[in-house]
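Accompanying notes for the structure given below.
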Amino acid sequence: MLELRAVSKTFNSGTASQLRALQAVSLKVEARSFVVIIGTNGSGKSTLLNAVAGSFYVDSGEIFLADENITKWPEHQRAKLIGRVFQNPFSGTAASMSIAENLALAAYRGRPRRLGWPLRQHLLSELRDRVSQLNMGLEDRLKNPIGSLSGGQRQALTLLMATWLRPQVLLLDEHTAALDPKSADQVIALTNTIIRRDKLTTLMVTHSMQQAAHLGDRLIMMHRGGIIQDFQGAEKTRIRVDDLLARFEEVRRAELLDESAAELMRRTYV
Amino acid sequence: MSLLISALTLGFIFSLIALGVLISFRIFAFPDITADGSSTLGAALAAMLLIKNVNPVLATAGGFAGGFVAGTLTGTLATKFKINGLLAGILVMTSLYSLNLHIMGRSNLSLTGSSTLSTYAGRVGNALLPRGSFTVMGWEITALEAALLLVSFLIVVLVGCVVYVFFQTNLGTAMRATGDNKEMIRALGVNDENMIILGLALSNGLIALAGAFIAQYQGFADVQMGIGMVVWGLASVIIGEALVGTRQLGFGITGAVMGSVLFRLLVAIALRLGLNPNDLKLVTAVFVFFALITPGLLKRAKVRPRSSHA
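Which chain is which? The protein sequence lines are A and B, in order. Mapping of the first sequence onto my numbering: position 56 corresponds to residue 56, and the numbering continues sequentially without gaps. Counting from 1 along the second sequence, just add 1000 to a position and that's the residue number in my numbering.
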């Protein structure tokens, strides 16, 4: 189970470009639930994931994962409990190293690295087995550098790496946004299969309203560093793409109203 | 002939510096210039210990250990204290200059009369060749020269293999991945800062080891001897990459050794043809400069459509 208690984060604090990316966000994610997060640009959805992953320390609030208070844990320590796939297909793999070496690195996630041999026979056969389940023909290219693969293939492998050891929570940060539509569909199908098969607790940020409507069993909408909507259970199941678009339009209009009100105030009083 | 033999021997010894530079510059993409100080540190420590009649193998190991500590220091400054990598190297290198003077007690320490790895090699050579010399194609080669060449070759092969195997282990793969993609390796639970520190420690350990060997080969340690080592090593690595490519670490290691030997041979030939030894470092630097910009120029020349000049 993952829980955030009143988590706040401000970037560039005290400067002109100050950005209150997270404003006292509280969120409780039950074990095995698949949460999809959508939101306007700069709403704090990626920041939320990075706060959980430990890319930075939060300014206030606490984060609990698997009964541990991980608020003060450094990123590499949290990685023991967390699997991650990034938006950029280049971020999740080491391009100069082979497919097998990359996967072997993931098979040791969170364990101390010593002088043992990573590519032992039993691991190699498991690698071939699991990679062939991707149906991408990569099992015969395990010795090839990952940099020679397409973005979709790299994302699929990153997903495999993130879930090789069962993570307490899987963080997917718009992991199909940089892919062509066909690869994106492929990776999304794979994502859904793995999450359902392994019953993984998942936070998935997406830009795609289709993905948001069709995937997951809970949908969170973020705006200006806070959660403005939380659809669960039957409510989530009923959601259609049009409902989401309408809700976004509502938010946008409220925003415009805010801005025109501010403008009016400025004109009247300044 | 003895010029050729000594160029080969030095080429092998200097290839340890190339290996160190390969680790810092290529595997970690960290421009570590501690090497100029740590190579002297290795020489100074080994020379000081040898003069105190310490076993040459232990004295050489002492040199390695010194470089290891120096690299740890640079790595710590760069990661834990977030100092720019180049600056961290400069700070450690500069402080090593004073430290080396303290270790040696003066600016130049002669090893004449001390028992060193070179005297060991000479003894082995004399045992194998009681006549003291042999001839190849009409050239006379002394047993000492041959023994030094053989020993330095064996050491380089051994060190090269150890480095190669190390970078295939769990720890070594994690280190290579750190150099490739820090974000990824952190997400897989590895403390990337510690990997960088350990990598620079190994790199500088090898470079100091080379310094210890150089001191014993030439029979003295000098506080100035480290100047230009980074550029030297980089030149060897670049030549190696041109020779065998960069597909795998094995190629990189073999290339670095080959590059170092080839570079030494070229230098020997250039000196023989009348190159002023004072210009050596300038020529090396210019060579590295061109080696660095040529790939970019070639790429631009390819991209650009055929220009008007025929």
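Note that CB positions come from ideal geometry on N, CA and C, so glycine has one too.
If you run the structure through DSSP and keep just helix, strand and coil, what is Ala1174(B)?
-> It is helical.
Shorter than 8 Å from the beta carbon of His76(A) to some beta carbon of chain B?
-> At a cut-off of 8 Å between beta-carbon atoms, His76(A) makes contact with chain B.
Should Tyr57(A) be flagged as near chain B, meaning a C-beta pair shorter than 8 Å?
-> No - not a single Cβ of chain B is within 8 Å of the one on Tyr57(A).
Please list, in chain order, all residues of the same chain as Leu1003(B) whose beta carbon is under 6 Å from its beta carbon, the five residues on each side excluded.
-> The beta carbon of Leu1003(B) sits closer than 6 Å to those of Ala1268, all from its chain and outside the five residues before and after it, given in chain order.
Does the beta carbon of Asn1191(B) come closer than 8 Å to any beta carbon on chain A?
-> By the rule that beta-carbons nearer than 8 Å mark a contact, Asn1191(B) touches chain A.
Thr237(A): buried (16+ other C-beta within 10 angstroms of its C-beta) or exposed?
-> Flag for Thr237(A) reads exposed.
Short Cβ contact (8 Å threshold) for Ala79(A) with Arg1176(B) = Contact flag unset, no.
Cβ of Met1184(B) less than 8 Å from any chain A Cβ?
-> Answer yes: the Cβ-Cβ gap between Met1184(B) and chain A drops below 8 Å somewhere.
Classification of Phe56(A) by the beta-carbon crowding that lies within 10 angstroms, buried from 16 upward | So Phe56(A) counts as exposed.
Environment of Asn50(A) [buried if 16+ CB atoms lie within 10 Å] | Residue environment analysis places Asn50(A) among the buried positions, since at least 16 neighbouring C-beta atoms fall within 10 angstroms of its C-beta.
For Asp1192(B), the nearest candidate out of Leu65(A), Glu75(A), Gly44(A) and Gln23(A) (CA to CA) | Distances from the CA of Asp1192(B) to each of Leu65(A), Glu75(A), Gly44(A) and Gln23(A) were compared; the closest alpha carbon is that of Glu75(A).
Find the residues of chain A that neighbour Thr1072(B), judging by a C-beta separation of less than 8 Å, and give them in chain order.
-> Thr1072(B) does not reach chain A, its nearest Cβ partner there being about 18 Å away, counting only Cβ pairs nearer than 8 Å.
Is there contact here, the segment 6-22 of chain A with the segment 188-203 of chain A, by at least three beta-carbon pairs under 8 Å?
-> Here the segment 6-22 of chain A does not lie against the segment 188-203 of chain A, with fewer than 3 beta-carbon pairs under 8 Å apart.
Counting along the chain, where does the beta strand (DSSP E) carrying Val1054(B) start and finish?
-> Val1054(B) -> no beta strand (DSSP E), and no H or E assigned at all.
Can the beta-carbon of Ala1046(B) be found less than 8 Å from the beta-carbon of Ala1212(B)?
-> Cβ distance < 8 Å, so Ala1046(B) and Ala1212(B) count as in contact.
Neighbour-count burial assignment, Asn1276(B), 16 or more Cβ in a 10 Å radius = Asn1276(B) is exposed by the Cβ-count criterion.
What are the uninterrupted segments assigned as alpha helix (DSSP H) that are 4 or more residues long and contained completely in the segment 1197-1269 of chain B, given in chain order?
-> Within the segment 1197-1269 of chain B, the complete alpha helix (DSSP H) runs of at least 4 residues are 1229-1244.
Answer yes or no: does any C-beta atom of chain B fall closer than 8 Å to that of Arg113(A)?
-> Yes, Arg113(A) counts as interfacial toward chain B.
Which word fits Thr1173(B), buried or exposed, when buried means at least 16 other C-beta atoms lie within 10 angstroms of its C-beta?
-> Counting of Cβ neighbours within 10 angstroms places Thr1173(B) among the buried residues, the total reaching 16 or more.
Other residues of its chain near Leu190(A): CB distance less than 8 Å, five sequence neighbours each side excluded = Cβ neighbours of Leu190(A) beyond the five flanking positions: Leu134, Ala156 and Leu159.
Assign Met222(A) to one of two classes, buried (16 or more other C-beta atoms within 10 Å of its C-beta) or exposed (fewer than that).
-> So Met222(A) counts as buried.
Compute the beta-carbon to beta-carbon distance between Lys28(A) and Ile37(A), rounded to the nearest angstrom, for a pair I have assumed lies under 8 Å.
-> That pair is no contact at about 14 Å.
Under a CB-based cut-off of 8 Å, is Asn1169(B) close to chain A?
-> A small correction: the amino acid at residue 1169(B) is Thr; Asn does not occupy that position in the sequence shown. True, the Cβ-Cβ gap to chain A drops below 8 Å.
Using the beta-carbon count (16 or more within 10 Å), is Asp173(A) buried or exposed?
-> Per the 10 Å Cβ criterion, buried.
Segment limits, beta strand (DSSP E) that includes Met221(A) = Its beta strand (DSSP E) spans residues Arg218 to His223.
Are the C-beta of Leu1188(B) and some C-beta of chain A separated by less than 8 Å?
-> Chain A contact via Cβ: present.
Taking only beta-carbon atoms, is Met221(A) less than 8 Å away from chain B?
-> Not an interface residue.
Reducing DSSP to helix, strand and coil, say where Ala6(A) ends up.
-> Look at Ala6(A) here: in three-state DSSP terms it is strand.
Quick one: residues in its chain with C-beta nearer than 7 Å to the C-beta of Leu4(A), no 5 flanking neighbours on either side, listed in chain order?
-> Excluding five sequence positions before and after Leu4(A), the CB atoms of its chain that fall closer than 7 Å to its own CB belong to Val25, Ser26, Leu27, Gly61 and Ile63, given in chain order.
Note down, in chain order, every chain B residue with its Cβ under 9 Å from the Cβ of Ala177(A).
-> The premise fails here: Ala177(A) is roughly 17 Å from chain B at the closest Cβ pair, so nothing lies under 9 Å.
Start-to-end residues for the beta strand (DSSP E) that takes in Asp230(A) | Gly226 to Gln232 is the span of the beta strand (DSSP E), which, as asked, contains Asp230(A).
Unbroken stretches of the alpha helix (DSSP H), 4 residues or longer, contained in the segment 1093-1144 of chain B = Secondary structure in the segment 1093-1144 of chain B: the alpha helix (DSSP H) runs of 4 residues or longer, each lying completely within the stretch, are 1117-1128 in chain order.
With a CB to CB cut of under 7 Å and the five nearest residues on each side skipped, what residues in its chain are close to Arg20(A)?
-> Closer than 7 Å at Cβ, skipping near neighbours: Thr10 and Gly225.
Within 8 Å (strictly less), CB to CB, does Ala1177(B) reach chain A?
-> Chain A places a beta carbon closer than 8 Å to that of Ala1177(B), counting this residue as a contact.
Going straight from the alpha carbon of Asp1279(B) to that of Gly1233(B), what length do you get?
-> Between the alpha carbons of Asp1279(B) and Gly1233(B) lies a gap of roughly 17 Å.
Could you name the residues of the same chain whose beta carbon sits closer than 6 Å to that of Gln153(A), not counting the 5 residues immediately before and after it, in chain order?
-> Within the same chain, Gln153(A) has close Cβ partners Met136.
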